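See structure below.
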Amino acid sequence: MTERTQVGIVGAGPAGLILSHLLHLEGIESVVLEVHTRKYIEERVRAGVLEQGTVELLTGMGVGDRLKREGLVHHGVEFRFRGQGHRIDFQDLVGRSITIYAQQEVVKDLVAARLATGGKIMFEAADVSVHDIDSKNPKIRYRGGEISCDFIAGCDGFHGVCRASIEKSLTIYERIYPFAWLGILAQAPPSSGELIYANHELGFALLSMRSPEISRLYIQCAPDEDIAHWPDARIWEQLHLRFATHDGQWKLTEGPVIQKNIAEMRSFVADPMQYGRLFLAGDAAHIVPPTGAKGLNLAATDARVLARALADFYTSGSTDVMDRYSEICLRRCWKVQHFSWWMTSMLHRIPGESVFDRQRQLAELDYVTGSRAASTALAEHYTGLPFTI
Ligand code: APR
Ligand code: PHB
Numbered sequence: 009m010t011e012r013t014q015v016g017i018v019g020a021g022p023a024g025l026i027l028s029h030l031l032h033l034e035g036i037e038s039v040v041l042e043v044h045t046r047k048y049i050e051e052r053v054r055a056g057v058l059e060q061g062t063v064e065l066l067t068g069m070g071v072g073d074r075l076k077r078e079g080l081v082h083h084g085v086e087f088r089f090r091g092q093g094h095r096i097d098f099q100d101l102v103g104r105s106i107t108i109y110a111q112q113e114v115v116k117d118l119v120a121a122r123l124a125t126g127g128k129i130m131f132e133a134a135d136v137s138v139h140d141i142d143s144k145n146p147k148i149r150y151r152g153g154e155i156s157c158d159f160i161a162g163c164d165g166f167h168g169v170c171r172a173s174i175e176k177s178l179t180i181y182e183r184i185y186p187f188a189w190l191g192i193l194a195q196a197p198p199s200s201g202e203l204i205y206a207n208h209e210l211g212f213a214l215l216s217m218r219s220p221e222i223s224r225l226y227i228q229c230a231p232d233e234d235i236a237h238w239p240d241a242r243i244w245e246q247l248h249l250r251f252a253t254h255d256g257q258w259k260l261t262e263g264p265v266i267q268k269n270i271a272e273m274r275s276f277v278a279d280p281m282q283y284g285r286l287f288l289a290g291d292a293a294h295i296v297p298p299t300g301a302k303g304l305n306l307a308a309t310d311a312r313v314l315a316r317a318l319a320d321f322y323t324s325g326s327t328d329v330m331d332r333y334s335e336i337c338l339r340r341c342w343k344v345q346h347f348s349w350w351m352t353s354m355l356h357r358i359p360g361e362s363v364f365d366r367q368r369q370l371a372e373l374d375y376v377t378g379s380r381a382a383s384t385a386l387a388e389h390y391t392g393l394p395f396t397i
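The numbering of the sequence shown is the working numbering, which starts it at 9 and goes up by one.
Here it is, written out as structure tokens:
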């Protein structure tokens, strides 16, 4: 079966779905091909922090109602080290905030919005491949059919097929970190109103949340760690130790663990993010380590730039933004890469670090939390850099 659309989109993650809906709002047709089922993508546990700009983007697209109702707005974040907490007040420093709302909830809202407005998402699309991308009529093939389009958006995540199909024309920049995160979801009310990033002798720990009833907690572990060696009791013991304050006042609330996973830490950039009529967006083009919670937000800004490039092309024939797509996205991406690397380096115990490095790390935390100038830079990054084209 051969079908025709204007923009063929591979992948129904945040990048692909935001792009598809933004295009719809501009009167541009698209088809999204997703290898997994709807249930799978709507239940997969991923990130959970939205920059203010991402919230504004989703709201402006008409998919912000549940986010406004259920999202938890945070005006600051805590850094805990040497047994003491230090708050960074986003509202005071930059007048902005972040919202806690799980990635799978964003995906649910976007899928519902696409289907309600006649959007086409093909779930369980097998053997997806892209063809003729250096022609004006690129094609996406899948088991049982072909889609002929004007442009293809590769929004198929880090392990997708789109980047792999243009690998030879890309320069890859990569850094793999010598530690990982063991994450749990627990049925326990969050022990703090805001996120806590802890730098401890035993390793990094992060307290986050999904709702007033569900905590999301992480601890630094070895990259080759076997999850079987981490029964719940051992995880809670480490969490208690790493978040403990000197005054002994702070208490961590435990609860049944409902999900557990280990995530590797990587920085990755593919340059350029375009070849012919194939445009990469989101994790297909870049990965950041999760310290700083930037992955989903960066995927959203790529989609926003690409939607603008395509809208300009279809409405006026202008290729100005399209020609600069990769340059625009990578400029932001590298700043976010730097921020994510910096947060990661400042907060984790680095295997083999010298006593000098350890003192330098603590001094950096002391400076960042104590200096208004340094806190402001952190707050600006954390709540999201301004969107520019
Ligand atoms: N064919 C079709 N779909 C595919 C294929 C393929 N060959 N390979 C992957 N996909 C789908 C995946 O199943 C997934 O639903 O592409 C989608 C990619 O979505 P994400 O991985 O969520 O990537 P992206 O939309 O760029 O969002 C980035 O995801 O990694 C997280 O937390 C990170 O928040 C960040 C966000
Ligand atoms: C999360 O809630 O999953 C989360 C929060 C902050 C991070 C990373 C992940 O830096």
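From the three backbone atoms N, C-alpha and C, an ideal C-beta is built for every residue, glycine too.
This structure is a prediction, so every number in the text was calculated from the model and none was measured.
Here H389 is buried. Its C-beta has 16 or more other C-beta atoms within 10 Å. Unbroken alpha helix (DSSP H) runs of no fewer than 4 residues, entirely contained in the region 53-128, are found at 60-68, 73-78, 98-102 and 111-124, following chain order.
In the structure shown, L225 adopts extended strand secondary structure according to DSSP, grouped into three states. For the ligand PHB, residues qualifying as neighbours are G56, V57, S216, R224, P298 and A301, where qualification means a beta carbon closer than 5 Å to at least one of its heavy atoms (chain order). Taking 7 Å as the cut-off, the C-beta of R149 does not count as close to any heavy atom of the ligand APR. For A271, DSSP records a beta bridge to W189.
Judged by DSSP secondary structure, H44 falls outside any alpha helix (DSSP H); it is assigned neither H nor E.
Using a 10 angstroms sphere on the CB of L58, the tally of other CB atoms reaches 16 or more, which defines it as buried. With a cut-off of 7 Å, the C-beta of E42 is classified as near the ligand APR, since at least one heavy atom of the ligand falls inside that distance. When rounded, the separation of the alpha-carbon atoms in M273 and E37 is 36 Å.
Shown here, S324 sits in a helix according to DSSP, grouped into three states. Distances between the C-beta of A307 and the heavy atoms of the ligand APR include at least one below 7 Å.
Counting C-beta pairs with one atom in each stretch, the region 325-333 and the region 57-75 have fewer than three that are closer than 8 Å, which means they do not touch. The continuous stretches of beta strand (DSSP E) do not include R339, which lies in the alpha helix (DSSP H) extending over residues Y333 to L355. L304 has its Cβ nearer than 7 Å to a heavy atom of the ligand APR. Straight-line measurement puts the Cα of I227 at about 22 Å from the Cα of V376. If one requires a minimum length of 3 residues, the beta strand (DSSP E) runs lying completely within the region 219-264 are 223-229, in chain order. Around the beta carbon of G290, a 10 Å sphere encloses 16 or more other beta carbons of the protein chains shown; the residue is thus reported as buried. Not one heavy atom of the ligand APR falls within 7 Å of the beta-carbon of G162.
Taking 7 Å as the cut-off, the C-beta of A23 counts as close to a heavy atom of the ligand APR. Its chain contains H82, H83, G84, V85, R104, S105, I106, A387, Y390 and T391 as the residues whose beta carbon lies nearer than 8 Å to that of F98, once the 5 sequence neighbours on both sides are disregarded; these appear in chain order.
DSSP places R149 in the uninterrupted beta strand (DSSP E) bounded by K147 to Y150. Out of F276, I141 and E154, the CA that lies nearest to the CA of C170 is found in I141.
Of the other Cβ atoms in all chains shown, fewer than 16 fall within 10 Å of the Cβ of E132; this residue is therefore exposed. Around L101, the same chain offers S383, T384 and A387 as residues with beta carbons nearer than 7 Å, after the five sequence neighbours per side are excluded. Leaving aside the five residues that flank L370 on each side, the residues in its chain whose CB is nearer than 8 Å to its CB run, in chain order, F89, R90 and N207. Ranked by Cα distance from A213, the options A230, L247, R332 and E221 are led by L247. A straight line joining the alpha-carbon of K76 with that of D365 spans about 43 Å.
Taken from the Cβ of V71, every heavy atom of the ligand APR lies 7 Å or farther away.
Inter-residue distance for Q267 and R122 is about 29 Å (C-alpha atoms, whole angstroms). Distance from the C-beta of D291 to the nearest heavy atom of the ligand APR is below 7 Å. Set against 7 Å, the gap from the CB of Q14 to the closest heavy atom of the ligand APR is not smaller. For V296, there is no enclosing beta strand (DSSP E), as DSSP marks it with neither H nor E.
For the pair L373 and I96, the Cα-to-Cα distance works out to about 11 Å.
Relative to the ligand APR, the beta carbon of Q111 is positioned inside 7 Å of a heavy atom. Here M130 carries a strand assignment [DSSP, helix/strand/coil].
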